[in-house]
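Residue numbers (the working numbering), protein chains in the order written: chain A, 14 to 626; chain B, 540 to 824.
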């Protein structure tokens with residue numbers, strides 16, 4: 014569709030195509046337009062091609078891939094017509110890039126003043142004295158002492174601000190930001206987002222903000238482009254697109270995002286996204302789509318314009334139903350079950366050389382039978398260390414952990430078989446928690462053999478039922494972890510924990526390395542398992558959305574100390590501690606969708622229900 | 540049923556993996572070269588036209604006539620000695636490498652897995668050995684223990700073990716913080732079981748690149764000790780020994796030095812190409 018070129022037009026990317034060496038397109042037909050002062054949110058799950066698109070806007074493609082088609086025009090300058098050397102000269106001055114992991118992107122041996130002035134010297138636009146001005150612009154201390162620091166002497170948020178300062182230093186009309194807040198804590202993330210908003214007002218640069226997190230993007234973007242399998246499937250003004258997504262994928266994405274203001278059970282999208290080389294013909298989303306008809310797999314649908322600036326790549330776009338939010342959870346506190354696990358006065362430290370870091374200090378709580386307790390806090394709040402103490406993987410300095418009233422020994426090795434079996438741990442990163450050299454069937458059979466004394470053949474006979482329990486097909490038994498997706502691996506890890514027939518499941522950030530749509534499915538599975546097996550769950554997370562979907566009670570931790578504990582309604586709706594309030598305010602959320610069910614009323618209902626308690 | 544199918548698949552996949560050829564072209568070339576050298580060493584004695592210990596002609600007769608590769612310092616047939624001389628190289632260097640690996644793996648795995656003071660104690664003693672020049676150590680041991688190939692072989696194993704222990708320890712440290720290892724620890728599995736089932740299979744790949752290098756070192760160390768007159772004694776036929784014996788006559792009959800030297804070189808290159816490829820290293824296709 015032809016957009017009228019205005020003098021304010023900063024970016025005009027037409028039909029970008031990036032191919033792998035094998036000829037498969039990573040992205041195709043990607044067109045983006047941006048005007049001065051506008052923020053475009055580019056959202057997609059892993060493998061959707063969003064980073065490839067971001068880099069292509071700088072005229073760059075990763076080794077192994079080539080930009081084979083399309084046009085990128087930035088402020089009237091055509092980028093892709095230039096040779097490599099000339100493209101490089103444009104970067105920083107015409108367009109700049111803010112990378113995802115600032116800690117890894119900054120040269121650890123360059124002082125930050127040098128890092129920033131390097132960019133300036135490259136383009137000879139400014140003098141050294143301006144480093145201070147740039148630092149001040151991103152709210153960092155504009156002092157000589159600060160400018161002389163090395164990257165490791167800065168916090169994560171400060172490092173990210175330095176990368177933003179570097180991107181700003183030559184005042185380019187376009188800045189591409191690739192997941193700049195993904196590695197950061199919620200509270201730091203909120204301040205960096207605030208910074209970006211402020212800078213947009215001040216400088217008026219156009220911004221492309223790439224993220225997998227639709228909630229973060231909704232807090233920032235004027236327009237949103239949703240990518241799936243290398244193509245833009247929907248693009249439009251943020252408010253319109255979020256209120257009434259027209260592509261079934263966008264709708265599914267919106268429905269997958271948990272909202273701590275309205276604790277519901279999420280509606281998960283079925284299936285997983287295909288890899289670059291096995292994307293289906295026709296609409297790539299068709300195999301996962303509920304609105305799919307034979308037409309969908311015949312040809313790739315074209316982008317059609319619905320209203321001004323709102324485009325969608327779906328032939329059945331008018332049939333897409335409005336967003337339906339999951340059913341609200343019944344949060345009336347049931348009678349408190351008798352405690353299974355009790356922790357009293359737990360203190361745990363990490364020692365490195367002569368330094369001692371207190372990870373948990375005087376932490377006490379109890380976990381009831383069949384209950385889900387969430388330990389919430391930022392990284393470094395000690396929540397993982399506490400969980401590791403419970404599993405016998407970290408030796409506490411003080412305190413008692415008792416199971417059914419019996420104190421547990423420190424080390425897993427010293428615990429009785431029944432004690433080891435009762436508590437099972439599911440690790441954060443499913444890419445690390447499965448032995449890459451062992452098949453799923455072996456991985457799942459082992460715990461039953463060791464902890465329940467089953468024979469090898471009896472343990473193997475249970476594998477099918479375990480896979481079924483975590484909703485994986487039986488053929489997964491013969492696979493190696495590398496043949497499974499992240500979500501499938503996490504299901505296997507959960508099945509491995511279930512193989513021991515535990516009473517307590519410790520879930521350590523089990524969804525934080527997964528895409529939102531996969532997260533919704535895993536959290537749904539966890540809820541089903543609790544209902545089926547009566548498991549008690551200790552949920553460790555930094556994400557209040559996840560808490561609202563899953564937990565019954567919440568324990569808020571900050572720097573190893575307990576700040577507040579209470580039922581989920583208490584913590585989310587009437588937080589008492591200032592730190593809890595800060596966490597809740599910082600958590601990114603989608604704007605309250607206007608649906609026929611009227612969410613505003615839903616929220617009021619939730620509050621009145623709570624008031625009635 | 541379900542599990543039955545899984546087991547079938549299991550066996551098939553394992554068999555397939557065991558039979559798999561090296562993934563890269565370089566690896567395949569290495570495999571072919573290695574097969575050729577091993578075949579030569581094993582079948583050689585059957586094909587040799589003369590006895591390797593008999594003087595059959597004039598010393599340093601050049602190639603040609605009755606003697607395809609000429610004769611050596613004592614007038615023995617070089618071809619026959621080359622055909623006989625591969626076995627000792629393969630056996631002693633192979634044994635030295637295996638011994639070195641047994642020691643290095645044991646030290647490295649336990650140091651890396653237990654950490655703390657056992658790690659410090661094991662690694663400091665390893666450092667002491669590491670600071671010894673290899674050849675000096677082997678000469679020292681073989682002079683002390685008396686001449687013969689066995690002390691040389693054992694000394695070669697001992698001097699190689701520390702470097703292996705260091706590599707194994709680092710690889711073990713890296714693996715032991717991963718989730719599947721912690722899951723096994725939380726299940727209460729014994730240290731031996733964790734090392735064997737969880738850690739060893741995952742460090743095997745990076746180690747296989749090192750195996751080639753160690754074997755090469757063993758071949759060269761034993762050959763150089765043989766060359767210096769310790770270890771294997773004349774009139775034994777051995778490629779390393781042949782290079783040393785015939786050094787003086789390299790002008791008259793170059794084949795007596797160059798052929799065994801080239802075979803030693805070929806063996807080392809072949810093993811390194813193969814082990815690099817199995818380690819999933821360079822992709823030269």
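Glycine included, C-beta positions come from ideal geometry on N, C-alpha and C. Keep in mind that this is a model prediction, so the values were computed, not measured.
Three-way DSSP call (helix, strand, coil) for residue i in this model
i                     : result
residue 519 (chain A) : strand
residue 481 (chain A) : helix
residue 361 (chain A) : strand
residue 113 (chain A) : coil
residue 28 (chain A)  : strand
residue 621 (chain B) : helix
residue 528 (chain A) : coil
residue 106 (chain A) : coil
residue 313 (chain A) : coil
residue 820 (chain B) : With a pLDDT of 44 at residue 820 (chain B), under the threshold of 50, the modelled position of that residue is not reliable, and the figure given next carries that caveat. Correct three-state label for residue 820 (chain B): coil.
residue 350 (chain A) : coil
residue 772 (chain B) : coil
residue 33 (chain A)  : strand
residue 788 (chain B) : helix
residue 378 (chain A) : strand
residue 270 (chain A) : coil
residue 384 (chain A) : coil
residue 810 (chain B) : helix
residue 496 (chain A) : helix
residue 122 (chain A) : coil
Contact belief for residue i with residue j at Cβ below 8 Å, rounded distance in angstroms
i                     : j                     : result
residue 354 (chain A) : residue 416 (chain A) : 6 Å
residue 779 (chain B) : residue 765 (chain B) : 4 Å
residue 65 (chain A)  : residue 39 (chain A)  : 5 Å
residue 655 (chain B) : residue 425 (chain A) : Not confirmed; about 17 Å, so no contact.
residue 128 (chain A) : residue 175 (chain A) : 7 Å
residue 222 (chain A) : residue 212 (chain A) : 12 Å between Cβ atoms; not a contact.
residue 534 (chain A) : residue 500 (chain A) : 6 Å
residue 125 (chain A) : residue 24 (chain A)  : Contact doesn't hold; Cβ gap of about 29 Å is too wide.
residue 614 (chain B) : residue 643 (chain B) : The Cβ separation is near 44 Å, so there is no contact.
residue 260 (chain A) : residue 320 (chain A) : Wrong, their Cβ atoms sit about 14 Å apart, outside the cutoff.
residue 110 (chain A) : residue 180 (chain A) : 7 Å
Per DSSP, the bridge partner or partners of residue i
i                     : result
residue 323 (chain A) : A:320
residue 241 (chain A) : A:244
residue 84 (chain A)  : A:27
residue 133 (chain A) : Bridge partners of residue 133 (chain A): none, in fact.
residue 754 (chain B) : Bridge partners of residue 754 (chain B): none, in fact.
residue 48 (chain A)  : A:22
residue 56 (chain A)  : A:224 and A:239
residue 368 (chain A) : A:365
residue 79 (chain A)  : A:32
residue 277 (chain A) : A:341
residue 249 (chain A) : A:237
For residue i, the nearest candidate out of the options (CA to CA)
i                     : options                       : result
residue 358 (chain A) : A:458, A:126 and A:409        : A:409
residue 790 (chain B) : B:585, B:584, B:593 and B:612 : B:612
residue 638 (chain B) : B:748, B:731, B:754 and B:589 : B:754
residue 373 (chain A) : A:390, A:382 and A:383        : A:390
residue 67 (chain A)  : A:88, A:50, A:44 and A:89     : A:44
residue 283 (chain A) : A:485, A:252 and A:559        : A:485
residue 69 (chain A)  : A:27, A:59, A:35 and A:60     : A:27
residue 707 (chain B) : B:690, B:747 and B:607        : B:747
residue 337 (chain A) : A:496, A:515 and A:263        : A:263
residue 268 (chain A) : A:260, A:259, A:281 and A:257 : A:281
residue 603 (chain A) : A:231, A:22 and A:383         : A:231
residue 442 (chain A) : A:55, A:243, A:118 and A:498  : A:498
residue 134 (chain A) : A:153, A:158, A:200 and A:104 : A:104
Heavy atom of the ligand ADP within 7 Å of residue i beta-carbon
i                     : result
residue 597 (chain A) : Questions concerning the ligand ADP fall outside what the structure shown contains, since it holds no ligand whatsoever.
- At what residue ranges does the stretch 407-491 of chain A contain a whole run of the alpha helix (DSSP H), taking only runs of 4 or more? 430-435, 453-465, 469-474 and 476-482
- Considering only residues of the stretch 155-236 of chain A, which uninterrupted alpha helix (DSSP H) runs meet the minimum length of 4 residues and lie entirely inside it, listed in chain order? 157-160, 169-181, 199-216 and 227-231
- Query: If you scan the stretch 642-728 of chain B from start to end, which runs of the alpha helix (DSSP H) of 4 or more residues do you find wholly inside it?
  - Reply: 655-669, 673-684, 688-715 and 718-725
- Task: Could you pull out every unbroken alpha helix (DSSP H) segment of at least 4 residues lying fully inside the stretch 555-629 of chain B, listed in chain order?
- Result: 564-586 and 617-623
- Sequence ranges, alpha helix (DSSP H) only - wholly within the stretch 528-602 of chain A, length at least 4: Those alpha helix (DSSP H) runs which fall completely within the stretch 528-602 of chain A and span 4+ residues are 529-546, 557-563, 581-586 and 591-599.
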